[in-house]
DNA sequence: GACAAAACAGGACAACCGGTCTGTTTATGA
DNA sequence: TCATAAACAGACCGGTTGTCCTGTTTTGTC
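Protein chains in written order, with my numbering: chain A, 2 to 224; chain B, 2 to 224.
Given below as structure tokens:
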């Protein structure tokens, strides 16, 4: 109903053009949106077929089962979303702390702009599927792990530059991802993105020690 | 199969005893477990009826629709779970910070003991239902809000005692709940509770200012 | 152009789901 | 005791779901 992506025109009849990659992409487009907003179980293949303008035969040809479709969505789309909105921006930032801040800001701004919080794609599917099927769970866990490791690696890079001396990289990464995921959960439930900013401010005032106190006290930055 | 709670004995025939409260409780018991571990959509009323040893007539008498059952589970069971495992322990603790630490520890220990992470009941249902139905969403958001407010109130109480001078109560509460929820999400997905401890350690090294720098520097406590 | 494989169409189907319905048993209380 | 309502039993139904199956069309290859 709301999110029709690209149903082929009904006017052009009779002439069919085989476009396996395009058809596969259209199905994944629709499934990605529907799985995130309505969830896996609440998304019926009939709805997806109608929204994508795809017949049952074509769908079954590319994705034999619903589970296969969901696995493709997770591995190709969800993983890419995490990479594009989190991993790459953080790695490209001047520091881990600044990267995390920028992503929080960007996501909060985007949510406030569109006035609707769909939640984190990874988190949404992880909650629904990780207990239901162990194959799902393993793939989702791998994405979470990669996300955390990217942030931790960035902190280690900062440390090689002399900064973030007193920060435990893995601890910082875990807390960042957890705070973001949890904040998104609340934002989705309350349909209000302001909690993201609240948590970001909390993280900014963070002095993450790895055990012994920080040597060089850094003044709080006032951005 | 696994979580049979209290199906009435099949041996005793013919004699029926009306026990509306008991029957209602048994249904809620089963539904609470199933909704949390399998999710709302994946839990069929047939399964619940079989697990609770309840006929369709009885179920429909107490809960006219599946949605009504879920609302009852949320309002009576999920809210109570948050109250018992979070709000009451934090309010009873010597300080907000200590209360939060104790709850994190207790939950992590319990999860490691039972070797299986089912996730946070509130978070699980919030993800699946808050976008599907606005009535669900409102109830779940209310529980989240109460949870946060309780922690913030405890911080304010600490401040009246002279402690936590530089901490913004709402910010601390939001970050705490977010970190816990997110950590539970990851723990559930990886089926490993250690990330909870990781996030707790991160929160413990936290210096949450409300804007201006803390007056009296407190030495890091080494618990 | 012949031929095999891939790509797609579209119907069929069995299982299941949630809700409804009618009827029977138990408690209540005047 | 007897009416009345609540509590419960159990069958039933329309609709939906995911999957499968049989054809037909297109594409690639020699």
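Backbone N, C-alpha and C define an ideal beta-carbon position, used for all residues, glycine too.
Alpha carbon to alpha carbon, how far is residue 47 of chain A from residue 42 of chain B? Give it in angstroms, no decimals. In the second chain, counting from the first residue as 1, residue 42 of chain B sits at position 41. In the first chain, counting from the first residue as 1, residue 47 of chain A sits at position 46. Their Cα atoms are separated by approximately 17 Å.
Which whole runs of the alpha helix (DSSP H) in the region 25–99 of chain A are 4 residues long or more, in chain order? Taken in chain order, the whole alpha helix (DSSP H) runs of length 4 or more contained in the region 25–99 of chain A are 46–53, 57–63, 67–73, 80–83, 89–93.
Going along chain A in order, which residues have a C-beta closer than 8 Å to the C-beta of residue 204 of chain B? Counted from its first residue, the second chain places residue 204 of chain B at position 203. Neighbours of residue 204 of chain B across chain A, judged by C-beta separation under 8 Å: 176.
Within its chain, find whatever has a CB closer than 6 Å to the CB of residue 176 of chain B; leave out the 5 residues flanking it on each side and keep chain order. On the second chain, residue 176 of chain B is found 175 positions in, with the first residue counted as 1. Answer for residue 176 of chain B: no residue qualifies.
Against chain B, does residue 189 of chain A count as a neighbour if the rule is that its beta carbon must be under 8 Å from one of theirs? As a position in the first chain, residue 189 of chain A is number 188, starting the count at 1. At least one chain B Cβ lies under 8 Å of residue 189 of chain A.
Three or more C-beta pairs under 8 Å: does that hold for the region 83–101 of chain B against the region 129–149 of chain B? Yes, the region 83–101 of chain B touches the region 129–149 of chain B.
With a threshold of 16 other CB atoms inside 10 Å of the CB of residue 115 of chain B, please say whether the residue is buried or exposed. In the second chain, residue 115 of chain B corresponds to position 114, counting from 1. Label assigned to residue 115 of chain B: exposed.
Give the residues from the region 87–102 of chain A that approach chain B closer than 7 Å (Cβ to any Cβ), ordered along the chain. Cβ contacts with chain B come from no residue of the region 87–102 of chain A.
Count the other CB atoms, across all protein chains shown, that sit within 10 Å of the CB of residue 139 of chain B; report buried if there are 16 or more and exposed otherwise. Residue 139 of chain B sits at position 138 when you count from the first residue of the second chain. The residue is exposed, with fewer than 16 neighbouring Cβ atoms inside 10 Å.
According to DSSP, is residue 18 of chain A helix, strand or coil? As a first step, residue 18 of chain A is located in the first chain; it is residue number 17 there, counting from the start. Coil.
Take every Cβ of the region 23–30 of chain B, pair it with every Cβ of the region 57–77 of chain B, and state whether three or more of those distances are shorter than 8 Å. Below 8 Å, enough C-beta pairs join the region 23–30 of chain B and the region 57–77 of chain B to call them touching: three or more.
For the putative contact between residue 183 of chain A and residue 180 of chain B, defined by C-beta atoms under 8 Å, what is the C-beta separation to the nearest angstrom? The sequence position of residue 183 of chain A within the first chain is 182, counting from 1. The sequence position of residue 180 of chain B within the second chain is 179, counting from 1. For a cut-off of 8 Å, the C-beta gap from residue 183 of chain A to residue 180 of chain B is around 6 Å, short enough to register as a contact.
Among the candidates B/186, B/164, B/155, whose CA atom is the shortest distance from the CA of residue 171 of chain B? Translated into positions along the second chain, residue 171 of chain B becomes position 170. That would be B/155, whose Cα lies nearest to the Cα of residue 171 of chain B.
Residue 23 of chain A - DSSP class collapsed to helix/strand/coil: For this step, residue 23 of chain A is matched to residue 22 along the first chain. The three-state reading of DSSP puts residue 23 of chain A in helix, counting H, G and I together.
For residue 168 of chain A, count neighbouring C-beta atoms within 10 Å of its own C-beta (all shown protein chains included) and say buried if the count is 16 or more, exposed if not. Locating residue 168 of chain A in the first chain gives position 167, where the first residue counts as 1. Within a 10 Å sphere around the beta-carbon of residue 168 of chain A sit 16 or more other beta-carbons, which makes this residue buried.
Please compile the residues from chain A whose C-beta is within a distance smaller than 8 Å of the C-beta of residue 61 of chain B. Within the second chain, residue 61 of chain B is the residue found at index 60, counting from 1. Going along chain A, no residue has its Cβ under 8 Å from residue 61 of chain B, so there is no contact; the nearest lies around 23 Å.
Go through its chain and collect everything with a Cβ distance to residue 82 of chain B's Cβ below 6 Å, but skip five positions before and after it. As a position in the second chain, residue 82 of chain B is number 81, starting the count at 1. The residues are 122.
At 9 Å on the CB atoms, spell out the chain B contacts of residue 39 of chain A, in chain order. The residue you call residue 39 of chain A lines up with position 38 of the first chain. The CB of residue 39 of chain A comes closer than 9 Å to the CB of 132, 133 in chain B, given here in chain order.
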